[in-house]
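Below: one structure, written as C-alpha cells.
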Amino acid sequence: MPEGHTLHRLAAEHRRVFGGRPVAAESPQGRFAAGAAEIDGRVLSAAEAYGKHLLLEFDDDRVLHVHLGIYGTWRFGGLPVPEPWGAVRLRLSGAGGHADLRGPNACELLERGEVKLLVDRLGPDPLRADADPGRAWARISRSRTSIAALLMDQSVVAGPGNIYRAEVLFRQGIDPMLPGRALSEGQWSAIWADLVVLMAEGVRSGRIDTVRPEHMPEAMGRAPRVDDHGGEVYVYRRAGSACLVCGSVVASAELAARNLFWCPGCQPAAG
DNA sequence: TCACCATGTGGAC
DNA sequence: TCCACCTGGTGAT
Numbered sequence: 001m002p003e004g005h006t007l008h009r010l011a012a013e014h015r016r017v018f019g020g021r022p023v024a025a026e027s028p029q030g031r032f033a034a035g036a037a038e039i040d041g042r043v044l045s046a047a048e049a050y051g052k053h054l055l056l057e058f059d060d061d062r063v064l065h066v067h068l069g070i071y072g073t074w075r076f077g078g079l080p081v082p083e084p085w086g087a088v089r090l091r092l093s094g095a096g097g098h099a100d101l102r103g104p105n106a107c108e109l110l111e112r113g114e115v116k117l118l119v120d121r122l123g124p125d126p127l128r129a130d131a132d133p134g135r136a137w138a139r140i141s142r143s144r145t146s147i148a149a150l151l152m153d154q155s156v157v158a159g160p161g162n163i164y165r166a167e168v169l170f171r172q173g174i175d176p177m178l179p180g181r182a183l184s185e186g187q188w189s190a191i192w193a194d195l196v197v198l199m200a201e202g203v204r205s206g207r208i209d210t211v212r213p214e215h216m217p218e219a220m221g222r223a224p225r226v227d228d229h230g231g232e233v234y235v236y237r238r239a240g241s242a243c244l245v246c247g248s249v250v251a252s253a254e255l256a257a258r259n260l261f262w263c264p265g266c267q268p269a270a271g
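In the UniProt record's numbering, the protein residues as written are 1 to 271.
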C-alpha cells in the first residue's frame, strides 16, 4: 500500500503508540522469531521514515528496518491484544496498543553502520527537512533515462511511487518519456516543489489527492478516479477515460514492469 | 474457488 | 529483462 507519505504516517503512529515505553515483540508467524526476541521488552527511542523505509530505533542501538514492498501492511489496534489472524510477521504491543506487520519486503535488525549504508543509497525524500533536491538534479540532468523511470528510482528521489510519479508529471505537463537530461532545471524545481506539497498533504490526510480545486468534477463534468483509499487523481489507473482537463483519452503503457499513465493532450511529446 | 492485480525491490541472466 | 518474494482484495468461474 505504501508510497512515502504512508511510511511517514506510520513512523508518527509508532511514536505515538509506542514511543518512550517498553514494547513487547513477538512473531506469531515465526519468520521473525529471533529478531522479535531481541526487541522484546526494549524501549522505542525513535521512529522515522526515509523514503519508503521505516526505521524503528530501540534503546540498545539496534534498529528495526521495515520495507513494506507492494503487499506489506501495518495494522494498529487497541488493547487487549486480540488473537493474531493470518500471517503476522511481527506484533508489537505496549501500554498504548498494538501493531501487526504482515507481508513486508524487509523486516530485519540493523546495526547503525548498516542503517547509514541504507540511507546513503537513497535520493532526497521530499518529506524530509534534510532533503537536498540538488542531489537528485545532479543525477537527472545527466541521464538519458526517461523522467518517468527516474522518478521511480529510489536512489534518485526517495518516497514517490507509481501514483505520485504519474500525477506529478501530469500536473507539470511533462511528457513521461522525456529523458532526464532534456528537462530544464525549472521543470525539475517545479516537480520537486509539487512533490513536497502533494506528499505533505498525503501525510496529513492519509490518502493521495492530486486534483486541484479548479478541476474538481462539478466544474468539469468528468469524475476523477477515486482510488481504493479514497484519493482523487487525474490519470493514475484512468487509462481510456477522458482527461479531466482537456478531454483527451488517458493513455497507459508498461514501463520497467510498472504501469505508467499520462494524458497525451496535457503532456505532449516534445518536438 | 480461482486467477489476477496491486502505491516495490533486488537478484539472476 | 525476467522473475521471485509476499499478502489481500476483487471480479470472474
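We treat Cβ as the ideally placed atom computed from N, Cα and C, and that holds for glycine.
What three-state label does DSSP hand residue i in the structure shown?
i: Arg16; result: helix
i: Glu26; result: strand
i: Arg75; result: strand
i: Val245; result: coil
i: residue 274; result: This structure gives no information on residue 274, because the portion of the chain shown stretches from 1 to 271.
i: Val235; result: coil
i: Leu183; result: coil
i: Arg225; result: strand
i: Leu64; result: strand
i: Gly240; result: coil
i: Asp209; result: coil
i: Phe32; result: coil
i: Ile191; result: helix
i: Glu3; result: coil
i: Gly202; result: helix
i: Ile70; result: coil
i: Ala166; result: helix
i: Ala270; result: coil
Could you tell me how far apart the beta carbons of residue i and residue j are, in whole angstroms, since I believe they sit closer than 8 angstroms?
i: His176; j: Ser143; result: A quick correction: the sequence has Pro, not His, at residue 176. 14 angstroms between Cβ atoms; not a contact.
i: Pro84; j: Pro28; result: 4 angstroms
i: Glu38; j: Ala46; result: That belief does not hold up - the Cβ atoms of Glu38 and Ala46 are roughly 17 angstroms apart, past 8 angstroms.
i: Ser241; j: Cys263; result: In fact, because the Cβ distance is near 10 angstroms, the residues do not count as touching under 8 angstroms.
i: Gly4; j: Pro160; result: 6 angstroms
i: Gly94; j: Arg16; result: Incorrect: roughly 11 angstroms between the Cβ atoms, too far for contact.
i: Met216; j: Leu127; result: Actually they are not in contact, since the Cβ atoms of Met216 and Leu127 sit about 25 angstroms apart, beyond 8 angstroms.
i: Arg42; j: Asp59; result: 5 angstroms
i: Arg89; j: Arg31; result: 6 angstroms
i: Glu266; j: Val245; result: The residue you asked about is not Glu; residue 266 is Cys in the sequence shown. The Cβ separation is near 6 angstroms, so the contact holds.
i: Thr210; j: Arg171; result: 6 angstroms
i: Leu7; j: His53; result: 7 angstroms
Just list the residues that DSSP pairs residue i with in beta bridges.
i: Ala46; result: Glu57
i: His215; result: DSSP lists no partner for His215.
i: Ser252; result: Phe261
i: His8; result: DSSP, once it has assigned bridges, lists no residue as partnering His8.
i: Leu178; result: DSSP, once it has assigned bridges, lists no residue as partnering Leu178.
Check whether the Cβ of residue i sits closer than 8 angstroms to any heavy atom of the ligand FAD, and report yes or no.
i: Leu79; result: Inclusion of the ligand FAD in the displayed structure is not the case, the ligand content being empty and no account of it being possible.
Exercise. Does the region 152-170 come close enough to the region 259-268 that 3 or more CB-CB pairs lie under 8 angstroms?
Worked result: yes
For this session: Check whether the region 59-77 touches the region 93-110, taking contact to mean three or more Cβ pairs, one atom from each stretch, closer than 8 angstroms.
Result: yes
Problem set entry | Minimum length 4: unbroken alpha helix (DSSP H) runs contained in the region 82-161 | 112-120, 133-140, 147-151
Exercise. If we count Cβ pairs, one from each stretch, closer than 8 angstroms, do we get three or more for the region 118-135 versus the region 147-156?
Worked result: yes
Exercise. Touching or not, the region 127-142 and the region 109-116, by the rule of three or more beta carbon pairs under 8 angstroms?
Worked result: no
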